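J.: Protein chains in written order, with numbering that gives the first Met the number 0: chain A, 0 to 662; chain B, 0 to 145; chain C, 0 to 266.
Quick one: structure below, then a few questions.
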Amino acid sequence: MSRLGVFVCHCGENIGATVDVTEVAERCKHMPGVAHAEDYKYLCSNPGQNKIKQAIEEHQLDGVVVAACSPRMHEPTFRRAVTDAGLNAYMCEVANLREHCSWVHEKADSTTEKAIDLVRLQVEKVKRNKPLDTIQVPITRSALVIGGGIAGIQAALDIADSGHKVIMVERSPALGGHMAQLSETFPTLDCSQCILTPRMVDVSRHPNITLLTYSEVEHVEGFIGNFKVAIRKRARMVDEDLCTGCGECLQKCPTKNVADSFNEGLSMRRAIYVPFAQAVPNIPVIDTENCRKFQGKKCDRCAKACPTKAIKFDQKDQIINVEVGAIVVATGYQVMGTERFPEYGYGTYPDVITGLQFERYASASGPTQGVIKRPSDGKEPETVVFLACSGSRDAAKGVKYCSKICCMYTAKHAMLLKHKNHHAKAYVFYMDIRSAGKNYDEFVRRAIEEDGVKYIRGRVSRIYEEDGKLIVKGADTLLGGEPVEIKADMVVLASAALPNHGQGELAQKLHVGTDPYGFVAEAHPKLRPVETTSAGIFLAGACQSPRDIPETVGQASAAAAKVTALLSRSHLAREPLVAEVNRKPAPQFSDCTGCLLCETACPYQAIGHEEIKDRNGNVLKTVAKINPGLCQGCGTCVSLCRTKAIDLHGYSNEQIFAEIMSL
Amino acid sequence: MADEAFEPKITAFVCNWCTYAGADLTGTSRLKYQSNIRIIRLPCTGRVDFMLIQKAFARGSDGVIVSGCHPNDCHYTSGNYHARRRWMVFNDLMEFMGLDMRRVTFSWVSAAEGAKWATLVNEVTDHLRELGPYTEYQRLLNAGVA
Amino acid sequence: MDVLRNKARDLLAQGQVQVVIGYEAGTGGARRPSFVRSEADVARLVWDADCVGNLAGYLTRAEIKKMGKIAVVANAATLRALLQLTAEHQLAEGAVSALVVTEEGAVLELSNAQAVTEHVATLPASLSAADREKLDQLMALSREERRAFWEQELQRCIKCYACRSSCPMCYCGSCTMDCNRPQWVPVASHEMGNLEYHTVRAMHLAGRCVECGECGRACPVGIPIHLLTCYAEESVRRQFGQPAGTSATLNYALGTFRPDDQETFIR
Numbered sequence: 000m001s002r003l004g005v006f007v008c009h010c011g012e013n014i015g016a017t018v019d020v021t022e023v024a025e026r027c028k029h030m031p032g033v034a035h036a037e038d039y040k041y042l043c044s045n046p047g048q049n050k051i052k053q054a055i056e057e058h059q060l061d062g063v064v065v066a067a068c069s070p071r072m073h074e075p076t077f078r079r080a081v082t083d084a085g086l087n088a089y090m091c092e093v094a095n096l097r098e099h100c101s102w103v104h105e106k107a108d109s110t111t112e113k114a115i116d117l118v119r120l121q122v123e124k125v126k127r128n129k130p131l132d133t134i135q136v137p138i139t140r141s142a143l144v145i146g147g148g149i150a151g152i153q154a155a156l157d158i159a160d161s162g163h164k165v166i167m168v169e170r171s172p173a174l175g176g177h178m179a180q181l182s183e184t185f186p187t188l189d190c191s192q193c194i195l196t197p198r199m200v201d202v203s204r205h206p207n208i209t210l211l212t213y214s215e216v217e218h219v220e221g222f223i224g225n226f227k228v229a230i231r232k233r234a235r236m237v238d239e240d241l242c243t244g245c246g247e248c249l250q251k252c253p254t255k256n257v258a259d260s261f262n263e264g265l266s267m268r269r270a271i272y273v274p275f276a277q278a279v280p281n282i283p284v285i286d287t288e289n290c291r292k293f294q295g296k297k298c299d300r301c302a303k304a305c306p307t308k309a310i311k312f313d314q315k316d317q318i319i320n321v322e323v324g325a326i327v328v329a330t331g332y333q334v335m336g337t338e339r340f341p342e343y344g345y346g347t348y349p350d351v352i353t354g355l356q357f358e359r360y361a362s363a364s365g366p367t368q369g370v371i372k373r374p375s376d377g378k379e380p381e382t383v384v385f386l387a388c389s390g391s392r393d394a395a396k397g398v399k400y401c402s403k404i405c406c407m408y409t410a411k412h413a414m415l416l417k418h419k420n421h422h423a424k425a426y427v428f429y430m431d432i433r434s435a436g437k438n439y440d441e442f443v444r445r446a447i448e449e450d451g452v453k454y455i456r457g458r459v460s461r462i463y464e465e466d467g468k469l470i471v472k473g474a475d476t477l478l479g480g481e482p483v484e485i486k487a488d489m490v491v492l493a494s495a496a497l498p499n500h501g502q503g504e505l506a507q508k509l510h511v512g513t514d515p516y517g518f519v520a521e522a523h524p525k526l527r528p529v530e531t532t533s534a535g536i537f538l539a540g541a542c543q544s545p546r547d548i549p550e551t552v553g554q555a556s557a558a559a560a561k562v563t564a565l566l567s568r569s570h571l572a573r574e575p576l577v578a579e580v581n582r583k584p585a586p587q588f589s590d591c592t593g594c595l596l597c598e599t600a601c602p603y604q605a606i607g608h609e610e611i612k613d614r615n616g617n618v619l620k621t622v623a624k625i626n627p628g629l630c631q632g633c634g635t636c637v638s639l640c641r642t643k644a645i646d647l648h649g650y651s652n653e654q655i656f657a658e659i660m661s662l
Numbered sequence: 000m001a002d003e004a005f006e007p008k009i010t011a012f013v014c015n016w017c018t019y020a021g022a023d024l025t026g027t028s029r030l031k032y033q034s035n036i037r038i039i040r041l042p043c044t045g046r047v048d049f050m051l052i053q054k055a056f057a058r059g060s061d062g063v064i065v066s067g068c069h070p071n072d073c074h075y076t077s078g079n080y081h082a083r084r085r086w087m088v089f090n091d092l093m094e095f096m097g098l099d100m101r102r103v104t105f106s107w108v109s110a111a112e113g114a115k116w117a118t119l120v121n122e123v124t125d126h127l128r129e130l131g132p133y134t135e136y137q138r139l140l141n142a143g144v145a
Numbered sequence: 000m001d002v003l004r005n006k007a008r009d010l011l012a013q014g015q016v017q018v019v020i021g022y023e024a025g026t027g028g029a030r031r032p033s034f035v036r037s038e039a040d041v042a043r044l045v046w047d048a049d050c051v052g053n054l055a056g057y058l059t060r061a062e063i064k065k066m067g068k069i070a071v072v073a074n075a076a077t078l079r080a081l082l083q084l085t086a087e088h089q090l091a092e093g094a095v096s097a098l099v100v101t102e103e104g105a106v107l108e109l110s111n112a113q114a115v116t117e118h119v120a121t122l123p124a125s126l127s128a129a130d131r132e133k134l135d136q137l138m139a140l141s142r143e144e145r146r147a148f149w150e151q152e153l154q155r156c157i158k159c160y161a162c163r164s165s166c167p168m169c170y171c172g173s174c175t176m177d178c179n180r181p182q183w184v185p186v187a188s189h190e191m192g193n194l195e196y197h198t199v200r201a202m203h204l205a206g207r208c209v210e211c212g213e214c215g216r217a218c219p220v221g222i223p224i225h226l227l228t229c230y231a232e233e234s235v236r237r238q239f240g241q242p243a244g245t246s247a248t249l250n251y252a253l254g255t256f257r258p259d260d261q262e263t264f265i266r
């Protein structure tokens, strides 16, 4: 038989005014299992808490019900108090007599009766409470950052600067991501590479960062504080230790006609290449799909040219296994290609380009050294039309969402065109101008008012070629939908930002949720914006949704702060209110049938399975296993389980059943 | 017992993060509602086993309220979505078995909807008072062993 | 029928399987399960339109699993149960071969989940026309009439659990019905307990029922108990489009969700 103590609080007049508190305490004395009951003016005060502590010792109580305000208010207070008196914190429950009773009902016998019922509920629950201990999860104090764009770079540097080891994985041969491709950045028009490259060098030189480029995450298992990650380091065919980055090999390669992806296909590169001049690491990679040697032809000119014998045609992919405590996903985005727009020629008109291609033309290190030219004939365009919202905010043909960065970069593009060629004409077709941000609207106004960019509110219905010009047919909705036709030399589509290619597969490997568009989902849209749905995995940058550089950097630092907070401890303490699969003596072993229907129902991917074996290692039964490090205690699996093999500590079947039966 | 003396017994299963907190807000806002309801606190609507609803009726409840976070607002991201599917099947099956589903109220009440909670409880209480005791169910309890 | 017997004989003779589970003649023209373990016994096997029972229920029994590799003569419902059991990790992939007699009298041996999945995709629904009609009739009644119908039916239940034993999906070693901490459902065949039992069974089979009707056939007092699980399954199919018994990979409607699931009753 339990020896419970019930403590009923008057909360000054807050409870006492409508509930007969003395009567409640008196009636509780007669409840089975209650050894002591008393009322007090303010139980949360120090004297009030001391009363509870004294009573626990005096009456040798093994459980406590405090009938007071909402448990969301003072449950921690009272749990601490009972711990001081030597009871387990989870042997204390709170009956909510204030918010759920005295404040919402009039003074009446029925209100007092309800208060008694609410106490009885908790009395019956506490009788079935079990002492619980905080769960301690050890933490591997290092982090993995996936993606070497500005988001990943910032997160990696911040984590590394706080003294933790970071492993950075970048899929392409060099760091930098999309930011390395940009010409100038809004709203200050400072050169993108100038501000980015020092950060790239910092990453490569940081003693706490291990940089793995040309590498991808192959497999992830484990949970918060304890991830095991297999990384595939693809063969560059160049020995990174021997290569000095002299570039001799690049000059000798006879294959010169590979579309250069760094330049968005606007120029050609060789089969052995460094993506761009400032690349970090400055180590070439052989593109085996285009290299003659790998196409079965005789060629080893690069190897012959190499003064350090760094070219290794027999290099193989390597699998590198690492253990980390936290992961940051910073995998960025891609832009919708021009081939996705039937009304703009399905990508067949060479002079209809994406914004990212325009960036390469505008960049001093781009294919034209910063002179804006058009792809078809290399002439400098006089009239350029920019189409904002190409594919964005278009549920029918593109994506529903706003790609967010296009309004600003379109203004920048038009401005750059005017700066480089004062005679050029720039037209922008737009739906709305979204320029919220520090100095953003001023920037757009500048494009319109100082640089004379012509903004037309309306959509473009069709583009076609005629006499070497692109005929852009649209409407000006501010002039009542009057048709507009512009003979342009070049059209730039501010095409929608999409989840990066391979994002879905990576999300699956990591067990993180994605939104309906395929972007990585945050744990809570407002309060947990840099956490994913998997504990210990964080996100930064455009992998969550399209965003600009300042926002990305801020978010990357936020993710890094979350990671360092996690890694600053040797163990992670978690509330023990987690679900557990039961065990029974042989031959049942557990009520679990191993159907594993619960696996998909868990919002945290905390459910896996384990084999129960005999001493010879033979599998006797396979049952579900809940990882207490991942379980957050929602109980969705508990109510799904047909055999009631899963139960939730703190909200067990017996406890809730008893609560119902007490009414 | 005369009809006017009937007071319905109502059991509510609510999630800790939205509806329980919403009901707290009803209190801090000093909004009044009728006192027939008894709230059982659970972590999430995902924890609401349909058998809890059954047992509440078996124990003599005249009505049951199940309430949690609105879709997309679940503290556990998707517990309420799973709960919703279960209720969709449970509700449908109960209708097929001819049970009186007017006595079960499913709702989303957020931590900010203190007023909605008060209105909901009052409406459910009034409605159940109109419907009268759930005799067709409680009768089964008293039926002899076959 | 000879083709089937020959196939069974071959499988046993070559040691490819140790037991063939099929149908044999029972009393009064009925068909009953047959466990053929030697070539000499293959003559007992029969196949005709009366072979309606779902033999998949035997596949998860420990004493049967112990016999070795199994071939089961499978009708549509058995095949569906086979898939669902595989999806629910109760049958190892390839542990059971299904023998299907085609309308032309040929015998197909479906020895892996993919073959079964592909074959099942060509089959019509398991629910019989008579049951379909009965379900529609019940739905056309008023709630009061439906309550009266089920109250009438369920009060005859003697809680013998024949429905549970006959159901291929009721393989759980320990059932909620037998749980006594807490005692969720009263043990005795009591009207409240009966109602609770059958509700629980239907809920537990929603999204898992292969609509074989075995529980209804097993009921000694003739309650059309399968209508409950069939209705629950139909409810899942109608609302979520995730039918049971169509795939060997798990796609359990109540263990998954869509953010835009549509309902009309939540306030």
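By construction, the Cβ of each residue, glycine as well, lies at the ideal position given by its N, Cα and C atoms.
Bear in mind that the values here come from a model prediction, so they are computed numbers and not experimental data.
With burial defined as no fewer than 16 other Cβ atoms inside 10 Å of the residue's Cβ, what is the status of C/P181: buried or exposed?
T.: By the neighbour-count rule (16 or more Cβ atoms within 10 Å), C/P181 is buried.
J.: Give me the Cα-Cα distance between B/R37 and A/G4, rounded to the nearest whole angstrom.
T.: Going by the C-alpha atoms only, they are around 22 Å apart.
J.: Starting from the beta carbon of B/S106, find every residue of chain C whose beta carbon is closer than 9 Å, and list them in chain order.
T.: What B/S106 touches in chain C: I265, R266.
J.: Tell me the DSSP secondary structure of A/P586 in three-state form.
T.: Here A/P586 sits in coil by DSSP.
J.: Taking Cβ to Cβ, would you say B/S66 is nearer than 8 Å to B/V108?
T.: Yes, they are a contact pair.
J.: Please determine if the stretch 406 to 421 of chain A and the stretch 370 to 388 of chain A are in contact, where contact requires at least 3 C-beta pairs separated by less than 8 Å.
T.: Yes, the stretch 406 to 421 of chain A is in contact with the stretch 370 to 388 of chain A.
J.: Ordered along the chain, which non-local residues of its own chain (more than five positions away) have a Cβ less than 6 Å from that of B/C17?
T.: G67, C68, S109, A110, listed in sequence order.
J.: Take A/V552 and list the residues in its own chain whose beta-carbon comes closer than 7 Å to its own, dropping the five residues that flank it on each side.
T.: Closer than 7 Å at Cβ, skipping near neighbours: I149, Q153.
J.: Look at the Cβ atom of A/V334, then the Cβ atom of A/G365, and state whether they are nearer than 8 Å.
T.: No. Outside cutoff.
J.: Using 8 Å as the limit for Cβ to Cβ distance, is C/P167 near chain A?
T.: Not closer than 8 Å to any Cβ of chain A, the Cβ of C/P167 fails to qualify, so no.
J.: Identify, in the order they occur along the chain, each residue of the same chain with its Cβ nearer than 7 Å to the Cβ of A/T17, setting aside the five sequence neighbours on each side.
T.: Excluding residues within five positions, the ones whose Cβ falls inside 7 Å are S101, H104, E105, K106, T110.
J.: State the Cα-Cα distance for the pair C/S164 and A/I166, rounded to the nearest angstrom.
T.: Taking the straight line from one Cα to the other gives about 55 Å.
J.: List the whole-angstrom C-beta distance separating A/A179 from A/F275, where the pair is believed to meet the contact cut-off of C-beta under 8 Å.
T.: Between A/F275 and A/A179 the Cβ distance is about 7 Å, and since that is below 8 Å, they are a contact.
J.: Could one say the Cβ of B/M0 lies closer than 8 Å to chain A's Cβ atoms, at least one of them?
T.: Because the pLDDT of B/M0 is 46, which lies under 50, any placement of that residue in the model is unreliable, and the question is left without a value.
J.: Compute the Euclidean distance between the alpha carbons of C/I265 and C/C178, then round it to the nearest angstrom.
T.: About 31 Å.
J.: Mapping the DSSP letters down to three states, classify A/D259 as helix, strand or coil.
T.: DSSP places A/D259 in coil when its eight states are reduced to three.
J.: Using only alpha-carbon positions, find the residue among A/K508, A/K525, A/R527, A/L538 that is nearest to A/V519.
T.: Answer by Cα proximity: A/L538.
J.: Can you pull the chain B neighbours of C/Q113, defined as C-beta to C-beta under 9 Å?
T.: Those do not exist, as C/Q113 stays about 28 Å from chain B at its closest Cβ, beyond 9 Å.
J.: With a threshold of 6 Å on Cβ separation, who are the neighbours of C/T85 within its own chain once the five nearest residues in sequence on each side are excluded?
T.: So the qualifying residues of the chain are A112, A247.
J.: Going by the CB atoms, is the gap between A/S214 and A/R198 shorter than 8 Å?
T.: No, the pair does not count as a contact, with Cβ atoms beyond the cut-off.
J.: Is A/D38 helix, strand or coil when you go by DSSP?
T.: In this structure, A/D38 counts as strand in the three-state DSSP scheme.
J.: Output the distance between the C-alpha atoms of A/V500 and A/F340, rounded to the nearest integer angstrom.
T.: Just to set this straight, residue 500 of chain A is His in the shown sequence, not Val. Their Cα atoms are separated by approximately 19 Å.
J.: Please report how far the alpha carbon of B/M0 lies from the alpha carbon of B/D125, in whole angstroms.
T.: With a pLDDT of 46 at B/M0, under the threshold of 50, the modelled position of that residue is not reliable, and the figure given next carries that caveat. C-alpha separation (whole angstroms): 18 Å.
J.: If A/T599 sits next to C/G244, beta carbons under 8 Å apart, how far is it from one beta carbon to the other, in whole angstroms?
T.: So it is not a contact: roughly 17 Å between Cβ atoms.
J.: Ignore the nearest five residues each way along the sequence and tell me which others in C/D259's own chain have a CB closer than 7 Å to its CB.
T.: Around C/D259: no qualifying Cβ.
J.: Identify the continuous beta strand (DSSP E) that holds B/T10 and give its terminal residues.
T.: Unbroken beta strand (DSSP E) run through B/T10: 9 to 14.
J.: Roughly how many whole angstroms lie between the Cα atoms of A/D450 and A/T187?
T.: Computed Cα separation, rounded: 15 Å.
J.: Can at least three beta-carbon pairs, one atom from the stretch 365 to 378 of chain A and one from the stretch 507 to 525 of chain A, be found at a separation below 8 Å?
T.: Because the criterion of three Cβ pairs below 8 Å is not met, the stretch 365 to 378 of chain A and the stretch 507 to 525 of chain A do not touch.
J.: What are the boundary residues of the alpha helix (DSSP H) that B/F5 is part of?
T.: It is not in any alpha helix (DSSP H) - B/F5 carries neither H nor E in the DSSP assignment.
J.: Any beta carbon of chain C sitting closer than 8 Å to that of B/H74?
T.: Chain C, which has no Cβ nearer than 8 Å to the Cβ of B/H74, makes this no.
J.: Between the stretch 86 to 105 of chain A and chain B, which residues of the former have a C-beta closer than 9 Å to a C-beta of the latter?
T.: Answer in chain order: N95, R97, E98, H99, C100, S101, W102, V103, H104, E105.
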